[in-house]
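Here's the structure we're looking at; comments come further down.
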Amino acid sequence: MPVAATCPVHGPFASRAYHHVSSIDVQMSGNVESCPRCGRVAQVMEGAFNFDRTGFAEALVAPAWSRYALREVQADVQQLANAAEDRSLSDDDFERLADAIANRIGARDRRLGESIASQIRGKPRNIVLAFALGLVTLLGMISDGVSGGRLTYAFVEWAVHQVFGS
Ligand SMILES: [Zn+2]
Numbered sequence: 000m001p002v003a004a005t006c007p008v009h010g011p012f013a014s015r016a017y018h019h020v021s022s023i024d025v026q027m028s029g030n031v032e033s034c035p036r037c038g039r040v041a042q043v044m045e046g047a048f049n050f051d052r053t054g055f056a057e058a059l060v061a062p063a064w065s066r067y068a069l070r071e072v073q074a075d076v077q078q079l080a081n082a083a084e085d086r087s088l089s090d091d092d093f094e095r096l097a098d099a100i101a102n103r104i105g106a107r108d109r110r111l112g113e114s115i116a117s118q119i120r121g122k123p124r125n126i127v128l129a130f131a132l133g134l135v136t137l138l139g140m141i142s143d144g145v146s147g148g149r150l151t152y153a154f155v156e157w158a159v160h161q162v163f164g165s
């Protein structure tokens with residue numbers, strides 16, 4: 000993920016004020032910037048991060064923001080499950096919605112979005128439903144079980160593959 004800030008109304012967005020490249024163990028706390036959509040004060044993600052050459056962060060210790068982001072992803076996957084169950088949605092409409100949800104998750108973390116998309120693309124809705132419900136449960140377990148320490152999307156992706164194969 001890039002450095003992210005979280006508007007209380009509009010959720011996470013990529014920071015324009017904070018950018019780190021090729022840095023180890025960057026401590027971030029107490030930073031704020033304004034939401035690009037509404038101007039509200041948005042808290043910049045906190046914790047300790049390594050940043051690679053492209054400015055992407057690996058969380059070393061970032062429990063609060065990561066748990067928040069995880070809950071956001073969990074809500075997206077729950078929406079996918081609800082859509083799979085919604086008989087009033089045509090298969091075509093469902094596929095478009097599923098793509099949009101995978102893209103939204105991909106906007107937070109490209110690899111996780113691609114991983115989820117590859118699990119649901121072209122699959123029957125009952126299979127997508129089973130996958131989504133399993134993933135919601137898994138994300139809830141991870142979110143509830145982590146009180147600190149290492150929690151990254153890479154870990155979430157790894158857990159997804161452990162449970163669902165690839
Ligand atoms: Zn906002």
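For the record, in the sequence shown the residue sitting at position 72 is 71 according to numbering that gives the first Met the number 0, with numbers rising by one throughout.
Backbone N, C-alpha and C fix where the C-beta goes; we use that ideal spot for every residue, glycine too.
According to the DSSP assignment, aspartate 85 belongs to no alpha helix (DSSP H), since it is labelled neither H nor E. Per DSSP, the unbroken beta strand (DSSP E) holding glutamate 32 starts and ends at 31 to 33.
The residue among Leu111, Leu128, Thr53 with its C-alpha nearest the C-alpha of alanine 83 is Leu128. Secondary structure of alanine 99 (DSSP, three-state): helix. The beta carbons of alanine 116 and alanine 99 sit no closer together than 8 Å. Annotation: valine 25 to phenylalanine 50 spans about 8 Å, alpha carbon to alpha carbon. If the five residues before and after aspartate 85 are omitted, its C-beta is found closer than 8 Å to the C-beta atoms of Phe93, all from its own chain and listed in chain order. Under DSSP, the beta-bridge partners assigned to glycine 46 are Met27. A direct Cα-Cα distance of roughly 28 Å separates aspartate 91 from leucine 137. Counting along the chain, alanine 16 sits inside no beta strand (DSSP E), nor does DSSP assign it H or E at all.
Ligand 1 has a heavy atom closer than 7 Å to the beta-carbon of arginine 36.
No heavy atom of ligand 1 is found nearer than 7 Å to the CB of histidine 18. Taking C-beta atoms under 8 Å as the contact rule, valine 135 and glutamine 77 qualify, at a distance of about 5 Å. Comparing alpha carbon positions, the residue from Pro123, Ser87, Val72, Ser89 closest to leucine 111 is Val72.
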